[in-house]
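Notes for the one structure printed next.
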Amino acid sequence: MAPSKVVVFDIIETVFSLEPVRHGLASAGFDPSDLETWFAFGLRDAFALNATGDFVPFKEVLDGALEQLAATRGLAVGQHRRSAILSTMAQLTPQKGAAEMFQALQEAGLPIHALSHGAVSATANLFDQAQMRHFLTGIHSVEPAKAFKPRGEVYRAALAEIGVEPQDAMMVAAHAWDCHGAKAVGMRTAFVSRGHPVPASMATPDIVVEDLTDLPAAILSE
């Protein structure tokens, strides 16, 4: 099999850490562990919208999930406070080794693309803040497809924008469900495990690495 021609990255949690949001949640009275619960609530609701063929921007989905979680915890968190918490999503910091990983892939001549649930402008701002925008060949969002990953039309729309066939693209994600969705449309996949196994119910990724620092060698040795 020929090597991948492009590498497509999931962004939230895969390339950028959600840790800055944890502090915003704590300031509103949430427990620090509520970060994972809130994001899981948001993904659950996004997947429900996928199942019914509906779509709203992911920021709105996360806002609704935050309102639900506040009610569950018995916290009075109004729209102003929720907006303040959501604003910390614009301050996410890169995962360890992200810049060095991108540098290695770029030096190897591989075009690098971003594919996020967020808007293109939001993703661009994260890369600008991290001074990593120059590594990217393209930034893509789920919004043109009016669906969320792991729906197939999301990957296909991004691949059409990039101009490659599925088998020529490698999808990198720290979410097994994202790799599963990409695999279903014929993309190659790389799972960044960070200590988490791939569920037996999900398609087996082509590559499994512990962290981003391990990724270039694995991709370049395809």
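Residue 115 in this note's numbering sits at position 80 of the sequence shown, with consecutive numbering throughout. Beta carbons: idealized from backbone N, C-alpha and C, even for Gly.
I'd like to know whether the C-beta atoms of residue i and residue j end up nearer to each other than 8 Å.
| i | j | result |
| --- | --- | --- |
| residue 209 | residue 227 | yes |
| residue 176 | residue 154 | yes |
| residue 70 | residue 79 | no |
| residue 213 | residue 240 | no |
| residue 146 | residue 172 | yes |
| residue 197 | residue 42 | no |
| residue 217 | residue 206 | yes |
| residue 77 | residue 96 | yes |
| residue 98 | residue 84 | no |
| residue 143 | residue 40 | no |
| residue 37 | residue 73 | no |
| residue 65 | residue 81 | no |
| residue 238 | residue 215 | yes |
| residue 247 | residue 167 | no |
| residue 251 | residue 161 | no |
| residue 242 | residue 152 | no |
| residue 244 | residue 225 | yes |
So for residue i, helix, strand or coil by DSSP?
| i | result |
| --- | --- |
| residue 248 | helix |
| residue 47 | strand |
| residue 253 | helix |
| residue 37 | coil |
| residue 211 | helix |
| residue 219 | helix |
Taking the alpha-carbon of residue i as reference, which of the options has the nearest alpha-carbon?
| i | options | result |
| --- | --- | --- |
| residue 211 | 64, 164, 233 | 233 |
| residue 183 | 54, 202, 150 | 150 |
| residue 193 | 105, 67, 222 | 222 |
| residue 105 | 60, 40, 162 | 60 |
| residue 88 | 148, 180, 225 | 180 |
| residue 156 | 257, 125, 112 | 125 |
| residue 44 | 256, 170, 178 | 170 |
| residue 115 | 224, 63, 189, 188 | 63 |
| residue 164 | 190, 134, 112 | 134 |
| residue 117 | 86, 108, 189, 102 | 102 |
| residue 174 | 148, 187, 188, 75 | 148 |
How about residue i: is its Cβ closer than 7 Å to a heavy atom in the ligand GTP?
| i | result |
| --- | --- |
| residue 240 | Although the ligand GTP was asked about, the structure shown includes no ligands whatsoever. |
(Q) Which runs of the beta strand (DSSP E) at least 3 residues long sit entirely within the stretch 113-200? Give them in chain order. (A) Annotation: the stretch 113-200 contains the following complete segments of the beta strand (DSSP E) (minimum length 3 residues), in chain order: 147-151, 173-176.
Q) Which ranges would you report for the alpha helix (DSSP H) in the stretch 40-110 if only whole runs of at least 4 residues count? A) Entirely contained in the stretch 40-110, the alpha helix (DSSP H) runs reaching 4 residues are, in chain order, 54-62, 69-87, 93-108.
Q) Using 8 Å as the Cβ pair cut-off and three pairs as the minimum, do the stretch 127-145 and the stretch 46-57 touch? A) Touching, yes.
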